[in-house]
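Participant: Residue numbering for the sequence shown follows UniProt numbering, starting at 1 and increasing by one per position. Backbone N, C-alpha and C fix where the C-beta goes; we use that ideal spot for every residue, glycine too. Quick one: the structure is below, questions incoming.
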Amino acid sequence: MGVSLLTLISSNLGYPRIGERREWKRALESFWNGNISESSLEETLKDIRLLNLKKQKEKGIDLIPVGDFSLYDHVLDTAFMFGYIPSRFQHMEPTSLKTYFAMARGSDEAEAMEMTKWFNTNYHYIVPELENKTPALVKNRLLELFQEAKNELNIEAKPVLLGPITFLKLAKQYDQHDFHKHLSALIPVYVQLLTELAQAGAKWVQIDEPILVQELDDSSIPLFKEVYDAFHKALPSLNIILQTYFESITHYQEIVSLPVAAIGLDFVHDHGVNLSNIKTVGFPKDKILAAGLIDGRNIWKASLVSKAKEIDDLAQYVDIDRLIIQPSCSLLHVPVTVQNEQSLPSILKNALSFADEKLDEVNELAQYAKGKRTIDDLKQYDRSYTDFIHSSFRTNEKVQEATKNIGAYPTKRLDYTERQKLHKKRWNLPILPTTTIGSFPQTKEIRQIRLKWRKGEYTNEQYESVINNEIKKWIDIQEQLGLDVFVHGEFERTDMVEFFGEKLNGIAVTNNGWVQSYGSRCVRPPIIYGDVAFDQPMTVKESVYAQSLTSKPVKGMLTGPVTILNWSFVRNDIDRISVLRQLALAIREEVLALEKNGIGMIQVDEPALREGLPLKQSKQKEYIEGAAEAFKLATSSVRPETQIHTHMCYSQFEDIMEAIDNLDADVISIESSRSHGELVHAFETYQYKREIGLGVYDIHSPRIPSVEEMAKNIDRALAVLDVRQFWVNPDCGLKTRSVDETISALKVMVEAAKTYREKI
Ligand code: GLN
Ligand code: ZN
Numbered sequence: 001m002g003v004s005l006l007t008l009i010s011s012n013l014g015y016p017r018i019g020e021r022r023e024w025k026r027a028l029e030s031f032w033n034g035n036i037s038e039s040s041l042e043e044t045l046k047d048i049r050l051l052n053l054k055k056q057k058e059k060g061i062d063l064i065p066v067g068d069f070s071l072y073d074h075v076l077d078t079a080f081m082f083g084y085i086p087s088r089f090q091h092m093e094p095t096s097l098k099t100y101f102a103m104a105r106g107s108d109e110a111e112a113m114e115m116t117k118w119f120n121t122n123y124h125y126i127v128p129e130l131e132n133k134t135p136a137l138v139k140n141r142l143l144e145l146f147q148e149a150k151n152e153l154n155i156e157a158k159p160v161l162l163g164p165i166t167f168l169k170l171a172k173q174y175d176q177h178d179f180h181k182h183l184s185a186l187i188p189v190y191v192q193l194l195t196e197l198a199q200a201g202a203k204w205v206q207i208d209e210p211i212l213v214q215e216l217d218d219s220s221i222p223l224f225k226e227v228y229d230a231f232h233k234a235l236p237s238l239n240i241i242l243q244t245y246f247e248s249i250t251h252y253q254e255i256v257s258l259p260v261a262a263i264g265l266d267f268v269h270d271h272g273v274n275l276s277n278i279k280t281v282g283f284p285k286d287k288i289l290a291a292g293l294i295d296g297r298n299i300w301k302a303s304l305v306s307k308a309k310e311i312d313d314l315a316q317y318v319d320i321d322r323l324i325i326q327p328s329c330s331l332l333h334v335p336v337t338v339q340n341e342q343s344l345p346s347i348l349k350n351a352l353s354f355a356d357e358k359l360d361e362v363n364e365l366a367q368y369a370k371g372k373r374t375i376d377d378l379k380q381y382d383r384s385y386t387d388f389i390h391s392s393f394r395t396n397e398k399v400q401e402a403t404k405n406i407g408a409y410p411t412k413r414l415d416y417t418e419r420q421k422l423h424k425k426r427w428n429l430p431i432l433p434t435t436t437i438g439s440f441p442q443t444k445e446i447r448q449i450r451l452k453w454r455k456g457e458y459t460n461e462q463y464e465s466v467i468n469n470e471i472k473k474w475i476d477i478q479e480q481l482g483l484d485v486f487v488h489g490e491f492e493r494t495d496m497v498e499f500f501g502e503k504l505n506g507i508a509v510t511n512n513g514w515v516q517s518y519g520s521r522c523v524r525p526p527i528i529y530g531d532v533a534f535d536q537p538m539t540v541k542e543s544v545y546a547q548s549l550t551s552k553p554v555k556g557m558l559t560g561p562v563t564i565l566n567w568s569f570v571r572n573d574i575d576r577i578s579v580l581r582q583l584a585l586a587i588r589e590e591v592l593a594l595e596k597n598g599i600g601m602i603q604v605d606e607p608a609l610r611e612g613l614p615l616k617q618s619k620q621k622e623y624i625e626g627a628a629e630a631f632k633l634a635t636s637s638v639r640p641e642t643q644i645h646t647h648m649c650y651s652q653f654e655d656i657m658e659a660i661d662n663l664d665a666d667v668i669s670i671e672s673s674r675s676h677g678e679l680v681h682a683f684e685t686y687q688y689k690r691e692i693g694l695g696v697y698d699i700h701s702p703r704i705p706s707v708e709e710m711a712k713n714i715d716r717a718l719a720v721l722d723v724r725q726f727w728v729n730p731d732c733g734l735k736t737r738s739v740d741e742t743i744s745a746l747k748v749m750v751e752a753a754k755t756y757r758e759k760i
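Here you go:
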């Protein structure tokens with residue numbers, strides 16, 4: 001290989017797509033709604049893309065990525081580029097934008113492709129479907145993007161693409177025995193793509209293989225050899241960076257010996273393992289180490305002094321001129337810039353670092369490595385974070401005391417079967433009780449009124465009366481629909497985590513800290529900056545009002561501690577389990593407040609439980625136990641008569657069925673939208689005894705399913721579950737659906753349940 005002495009030293013793995021003010025989202029949605037043309041969409045997106053590149057250049061980044069930008073998702077881009085278009089979209093033009101968006105979002109004729117979480121993040125990718133297709137390079141979008149950067153901005157960019165092994169491991173609709181066959185077909189297509197890039201002048205290419213941080217069995221290693229040997233043989237002078245992130249790599253020795261120019265490792269989320277491998281096994285002399293030193297998953301300023309020490313440490317094992325300084329992963333997972341935050345306390349704001357600020361940090365460290373900064377220079381930078389860490393406004397001694405005495409709080413309720421008898425008596429629900437997951441449509445009017453209220457144009461009383469009217473309207477609708485268990489509708493919430501983030505002490509919310517979650521949907525994760533404490537009841541008013549309007553039970557609706565933790569940016573000066581316990585105690589207070597005010601069913605949502613599961617199996621047990629403890633801390637102090645519900649999103653549950661059982665919730669509802677069959681399958685092997693609702697229809701699609709379709713889903717579930725155990729509900733909250741869609745679908749759902757009851 002022998003890459004000669006480096007003149008470059010800083011790199012970025014990926015930049016947020018969404019723009020400083022979510023211009024990206026707005027452009028996409030306007031296009032989907034038919035308000036702007038395709039060419040105007042392309043134009044806006046190009047502006048955003050070029051601006052992103054320019055910014056990175058101005059920040060002094062030497063290796064600027066292209067190909068990280070996407071119109072929806074980079075895994076979908078990869079599938080699309082290689083012609084993996086599922087048969088149900090085959091009648092459409094294979095390179096058109098219409099086809100691309102139909103695959104992502106569904107169309108009148110064809111269901112959308114499944115989406116699922118990207119490793120342990122809250123980013124969702126589209127799951128490729130192979131269906132025995134032979135791949136081909138339909139259109140080399142990386143080449144176009146590379147040339148665009150060169151022609152428009154004179155940037156010699158670094159194309160980034162998903163590696164073939166990770167791509168195939170994430171894909172579905174093929175027989176695992178045929179893995180090698182698919183890989184063999186893909187290798188020449190990748191080679192063609194890389195060749196075209198090299199011919200156009202690309203010197204560096206980043207190939208992402210994050211699958212390498214999962215515990216792969218030994219048989220995978222020859223596959224990596226095969227792929228990267230083939231790339232090297234075809235393109236011996238192209239500098240390939242084999243990039244990993246989110247954890248340490250397994251099979252270190254074999255991986256660093258692959259014939260690539262550079263190995264990209266995460267030194268932030270590796271629990272020290274990558275570094276210790278370098279120290280004990282060594283790092284090959286002929287390779288470059290792309291060192292992920294700046295945390296790409298959190299928003300705190302780095303201590304540049306300690307990072308500089310890490311560089312010094314690494315420099316003992318790798319020549320300093322063979323080091324690339326970079327973030328630990330793509331900056332897709334953090335907001336764009338701190339600059340637009342107006343309402344955070346300045347001591348907190350000064351301690352934050354979003355994507356732009358992280359690139360400055362990368363640059364500072366690169367300067368340090370080049371000898372252009374001293375430790376003293378870096379000390380200056382570190383001051384604001386240190387000030388923040390030591391400031392007293394973050395501390396709440398009562399909370400710290402309580403978490404020290406965590407054993408004093410109950411985590412065990414009366415036996416489940418005993419409780420169940422009490423619940424049956426208390427509510428006497430029909431078999432196959434019908435309910436919904438919590439939210440009803442958030443109309444434009446409500447969102448606008450909330451905005452006005454926030455700006456002070458509406459008084460609290462005015463705002464509350466709007467919310468109450470909406471609650472009343474939907475209680476009436478639920479009454480007419482004939483549902484058995486009601487909800488108040490969550491109209492007062494923009495987002496299920498942000499809402500609690502705003503009300504709990506120790507958590508801040510941002511104005512503009514948006515991060516892409518799926519497609520054009522962005523979320524603003526709250527920032528847990530200090531000790532978390534319950535201040536005053538957060539949901540009691542709305543729940544009590546809703547309950548006062550009906551004799552049917554209305555579920556109280558809370559977000560659970562694990563989800564608040566996983567969907568927030570979390571302080572990093574104490575361990576996560578302590579933060580989790582603080583959250584659990586705060587939610588516990590709310591649970592008790594609801595119970596005290598007559599709410600008999602309380603749903604504590606944990607949609608993010610699954611995604612927090614550590615990538616390494618060896619660490620999963622600890623996480624699961626911590627999560628279960630937190631859920632139980634939050635919910636076990638209620639009386640036996642009170643029924644605790646929970647809800648979870650996404651359906652890869654096989655491996656955590658026992659963990660779900662251990663939450664000791666009375667009723668659980670699980671999303672099963674895009675893979676109902678797969679979810680039901682989990683219950684064939686696990687004897688689940690509690691009450692459960694596996695969503696009988698997919699709320700993500702505007703389509704109204706027929707009674708027959710829903711009945712089929714009920715049938716499928718009842719093949720593995722007892723009829724007395726099953727609840728009938730949609731598979732997630734209805735917030736994003738229209739009023740008409742919601743009412744029509746629920747009508748069908750109630751009918752399906754009634755028809756079923758008559759049959760038995
Ligand atoms: N109760 C929430 C809602 O209905 C749950 C949302 C979710 O699962 N993400 O909106
Ligand atoms: Zn859900």
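For the ligand ZN, is there a heavy atom less than 7 Å away from the beta-carbon of residue 671?
Facilitator: Here the question's residue 671 lines up with position 671 in the sequence shown. True, at least one ligand heavy atom lies under 7 Å from that Cβ.
Participant: Using CA coordinates, which residue listed in 420, 11, 332 is at the minimum distance from residue 640?
Facilitator: The residue labelled residue 640 in the question sits at position 640 within the sequence shown. Here the closest residue by C-alpha is 420.
Participant: State the Cα-Cα distance for the pair residue 65 and residue 440, rounded to the nearest angstrom.
Facilitator: For this step, residue 65 is matched to residue 65 along the sequence shown. For this step, residue 440 is matched to residue 440 along the sequence shown. Looking at the two C-alpha atoms, the distance is approximately 41 Å.
Participant: Does the ligand ZN have a heavy atom nearer than 7 Å to the CB of residue 159?
Facilitator: Taking the sequence shown and counting its residues from 1, one reaches residue 159 at position 159. Not so, every heavy atom of the ligand ZN lies at least 7 Å from the Cβ.
Participant: Report yes if the CB atom of residue 584 is closer than 8 Å to the CB atom of residue 561, and no otherwise.
Facilitator: Taking the sequence shown and counting its residues from 1, one reaches residue 584 at position 584. Taking the sequence shown and counting its residues from 1, one reaches residue 561 at position 561. It is a contact, given that the beta carbons lie within the stated cut-off.
Participant: Nearest to residue 94 by alpha carbon, out of 137, 195, 488, 312?
Facilitator: Looking up residue 94 in the sequence shown gives position 94. Ranking 137, 195, 488, 312 by Cα distance to residue 94 puts 137 first.
Participant: State the CB to CB distance for the pair residue 644 and residue 653, rounded to an integer number of angstroms; the pair is presumed to be in contact (CB under 8 Å).
Facilitator: Position 644 of the sequence shown, counted from the first residue, corresponds to residue 644. Position 653 of the sequence shown, counted from the first residue, corresponds to residue 653. With a Cβ gap of about 19 Å, residue 644 and residue 653 do not count as contacting.
Participant: Determine the extent of the alpha helix (DSSP H) in which residue 169 is found, giving its start and end residues.
Facilitator: Taking the first residue of the sequence shown as position 1, residue 169 is located at position 169. Here the alpha helix (DSSP H) through residue 169 covers 164-170.
Participant: Could you tell me how far apart the beta carbons of residue 309 and residue 365 are, in whole angstroms, since I believe they sit closer than 8 Å?
Facilitator: Looking up residue 309 in the sequence shown gives position 309. Looking up residue 365 in the sequence shown gives position 365. Not quite, the Cβ-Cβ distance comes to about 11 Å (not below 8 Å), so this is no contact.
Participant: Taking the alpha-carbon positions, what's the residue 283 to residue 314 distance?
Facilitator: The residue you call residue 283 lines up with position 283 of the sequence shown. The residue you call residue 314 lines up with position 314 of the sequence shown. Their backbone Cα atoms lie some 10 Å apart in a straight line.
Participant: Along the chain, where does the beta strand (DSSP E) containing residue 505 start, and where does it finish?
Facilitator: If you number the sequence shown from 1, residue 505 lands on position 505. Segment 505-508, the beta strand (DSSP E) holding residue 505.
Participant: So for residue 714, helix, strand or coil by DSSP?
Facilitator: Counting from 1 along the sequence shown, the entry for residue 714 is found at position 714. Helix, per DSSP.
Participant: Just to be sure I understand the criterion: a residue counts if its Cβ is closer than 7 Å to at least one heavy atom of the ligand GLN. Which residues meet that?
Facilitator: Result: 437, 438, 439, 490, 496, 557, 603, 605, 607, 647, 649, 671, 732, 733, 734, 735.
Participant: What residues are listed by DSSP as bridge partners for residue 521?
Facilitator: Here the question's residue 521 lines up with position 521 in the sequence shown. Bridge partners of residue 521: 518.
Participant: Quick one: is residue 69 buried, meaning 16 or more other Cβ sit within 10 Å of its Cβ, or exposed?
Facilitator: Taking the sequence shown and counting its residues from 1, one reaches residue 69 at position 69. The residue is buried, with at least 16 neighbouring Cβ atoms inside 10 Å.
Participant: Beta-carbon separation of residue 507 and residue 513 under 8 Å?
Facilitator: Residue numbering aside, residue 507 sits at position 507 when the sequence shown is read from its first letter. Residue numbering aside, residue 513 sits at position 513 when the sequence shown is read from its first letter. Cβ atoms of residue 507 and residue 513: not closer than 8 Å.
Participant: Measure how close the beta-carbons of residue 476 and residue 435 come, nearest whole angstrom, since I'm counting them as under 8 Å.
Facilitator: Walking along the sequence shown from the start, residue 476 turns up at place 476. Walking along the sequence shown from the start, residue 435 turns up at place 435. Rounded, the Cβ-Cβ distance is 16 Å, inconsistent with contact.
Participant: Can you find a heavy atom of the ligand COA that lies under 7 Å from the Cβ of residue 65?
Facilitator: Inclusion of the ligand COA in the displayed structure is not the case, the ligand content consisting of the ligand GLN and the ligand ZN alone.
Participant: Given a cut-off of 8 Å on the beta-carbon distance, is the pair residue 539 and residue 604 in contact?
Facilitator: Sequence index remark: in the sequence shown, residue 539 carries index 539 (1-based). Sequence index remark: in the sequence shown, residue 604 carries index 604 (1-based). Contact flag unset, no.
Participant: Decide if residue 272 is buried, meaning its Cβ has at least 16 other Cβ atoms within 10 Å, or exposed.
Facilitator: Numbered from 1 along the sequence shown, position 272 holds the residue referred to as residue 272. By the neighbour-count rule (16 or more Cβ atoms within 10 Å), residue 272 is not buried but exposed.
Participant: What first and last residue would you give for the beta strand (DSSP E) that runs through residue 116?
Facilitator: Within the sequence shown, the letter at position 116 stands for residue 116. Looking at the DSSP string, the run of the beta strand (DSSP E) that includes residue 116 is 115-117.
Participant: Can you give the beta carbon distance from residue 194 to residue 238, rounded, assuming they're within the 8 Å contact cut?
Facilitator: Your numbering for residue 194 matches position 194 in the sequence shown. Your numbering for residue 238 matches position 238 in the sequence shown. Confirmed, about 6 Å.
Participant: I'd like the list of long-range same chain contacts for residue 474, defined as Cβ closer than 7 Å, with 5 residues on each side in sequence excluded.
Facilitator: On the sequence shown, residue 474 is found 474 positions in, with the first residue counted as 1. Result list for residue 474: 440, 489, in chain order.
Participant: What would DSSP say about residue 178, mapped onto helix, strand or coil?
Facilitator: Numbered from its first residue, the sequence shown carries residue 178 at position 178. Residue 178 falls in the helix class under three-state DSSP.
Participant: Among all the DSSP beta bridges, which residues are the ones paired with residue 65?
Facilitator: On the sequence shown, position 65 is the one that residue 65 refers to. Residue 65 is bridged to 158.
Participant: For residue 234, which residues of its own chain have a beta-carbon under 8 Å away from its beta-carbon, when the five flanking residues on both sides are left out?
Facilitator: Mapped onto the sequence shown, residue 234 falls at position 234. Hits under 8 Å: 191, 194, 195.
Participant: Determine the DSSP secondary structure at residue 269, reduced to helix, strand or coil.
Facilitator: Taking the sequence shown and counting its residues from 1, the one referred to as residue 269 is at position 269. Coil at residue 269, not helix or strand.
Participant: From the DSSP output, in three-state form, read off residue 73 for me.
Facilitator: Locating residue 73 in the sequence shown gives position 73, counting from the first residue. Coil.
Participant: For my contact list, residue 9 and residue 325 are in at a C-beta cut-off of 8 Å; report their separation, rounded to the angstrom.
Facilitator: Along the sequence shown, read from residue 1 onward, the residue named residue 9 stands at position 9. Along the sequence shown, read from residue 1 onward, the residue named residue 325 stands at position 325. Their Cβ separation, rounded to whole angstroms, is 6 Å, which keeps residue 9 and residue 325 in contact under 8 Å.
Participant: Report the start-end ranges of each alpha helix (DSSP H) in the region 321-397 that is 4 residues or longer and not cut off at the edges.
Facilitator: Listed in chain order, they are 346-349, 355-369, 375-390.
Participant: When we look at the beta-carbon of residue 277 and count the other beta-carbons within 10 Å, is it buried (16 or more) or exposed?
Facilitator: Position 277 of the sequence shown holds residue 277. When all chains shown are included, residue 277 counts as buried.
Participant: Buried or exposed, going by whether 16 or more other CB atoms sit within 10 Å of the CB of residue 536?
Facilitator: Residue numbering aside, residue 536 sits at position 536 when the sequence shown is read from its first letter. Per the 10 Å Cβ criterion, exposed.
Participant: According to DSSP, is residue 635 part of a helix, a strand, or is it coil?
Facilitator: The residue labelled residue 635 in the question sits at position 635 within the sequence shown. Reduced to three states, the DSSP call for residue 635 is helix.
Participant: Kindly list the residues whose CB is nearer than 7 Å to the CB of residue 134, restricted to its own chain and excluding five residues on each side of it in sequence; keep chain order.
Facilitator: Here residue 134 refers to the residue found at position 134 when the sequence shown is read from its first residue. Excluding positions up to five away in sequence, the list reads 185.
Participant: Count the other CB atoms within 10 Å of the CB of residue 723; is the residue buried (16 or more) or exposed (fewer)?
Facilitator: Taking the first residue of the sequence shown as 1, we reach residue 723 at position 723. With fewer than 16 Cβ atoms within 10 Å of its Cβ, residue 723 is classed as exposed.
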